[in-house]
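*Asks:* Got a structure for you, questions after.
In the UniProt record's numbering, the protein residues as written are 1 to 183.
Laid out in structure tokens, this is it:
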């Protein structure tokens, strides 16, 4: 919802999907989920195949940005991205995708999804400074496209974890503290 609100997305467009891990990947009675948006690949297929040059990659942080004003609505990016990140807005007849809230990053803020995730499951990291052995770039069931070098990392669950039934009040309290103006 934070992404939809921040980017004023129509009801039928979701730049971030939350899907359950299959039983083959996480064989426990509890359910585990993974959240996925654009991977902001080092070598993005969407950018390489776009005939309108509607994609650009920022040098300073690697964020892949889509320019809707340049988009011609051909859907080539939708077909070329193996991760399904670009979406097609039927209303605008143009593609769109997660921008990692680059304008928030430029202001020193986290992306809307990271700031508002009630489970703290999302984190923005600098891959140059990040080396955690329990993370993987390509988990089971995820398209293995090393030539694109996705910048997303996954921390996979190893054992079921019981989540407190009181996690919602904690998340609401955390969200309220984030909204308070800085002193």
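Quick reminder that beta carbons are idealized off the backbone N, C-alpha and C, glycines included.
1. Examine the Cβ distances between the region 82-93 and the region 10-21 and report whether three or more of them are shorter than 8 Å.
2. Rounded to the nearest angstrom, what separates residue 123 and residue 100 at their Cα positions?
3. Quick one: what does DSSP say residue 104 is sitting in, helix, strand or coil?
4. Would you list the residues sitting across from residue 57 in a DSSP beta bridge?
5. According to DSSP, is residue 52 part of a helix, a strand, or is it coil?
6. Comparing alpha-carbon positions, which option in 96, 121, 128 lies nearest residue 9?
7. Can you give me the C-alpha to C-alpha distance between residue 104 and residue 116, rounded to a whole angstrom?
8. My output table needs one value for residue 152: the three-state DSSP class, helix, strand or coil.
9. Measure how close the beta-carbons of residue 152 and residue 39 come, nearest whole angstrom, since I'm counting them as under 8 Å.
10. Please state the DSSP three-state secondary structure of residue 116.
11. To which residues of the same chain is residue 109 closer than 8 Å at the C-beta, ignoring the five residues directly before and after it?
12. How many Å lie between residue 148 and residue 118 at the Cα?
13. Can you grab the Cα-Cα spacing for the pair residue 53 / residue 67, in whole Å?
14. Should residue 130 go down as buried or exposed, given a rule of 16 or more other Cβ atoms within 10 Å for buried?
15. In the DSSP assignment, find the unbroken beta strand (DSSP E) run with residue 95 in it and report its ends.
16. Provide the residue span of the alpha helix (DSSP H) that contains residue 80, from first to last.
17. In angstroms, rounded to a whole number, what distance separates the CA positions of residue 35 and residue 17?
*Replies:* Walking through what the data contain:
1. yes
2. 12 Å
3. helix
4. 64
5. coil
6. 96
7. 13 Å
8. coil
9. 5 Å
10. If DSSP states are grouped into helix, strand and coil, residue 116 belongs with the helices.
11. The beta carbon of residue 109 sits closer than 8 Å to those of 101, 115, all from its chain and outside the five residues before and after it, given in chain order.
12. Answer to the nearest angstrom: the Cα atoms are 30 Å apart.
13. 9 Å
14. exposed
15. 94-96
16. 76-80
17. 6 Å
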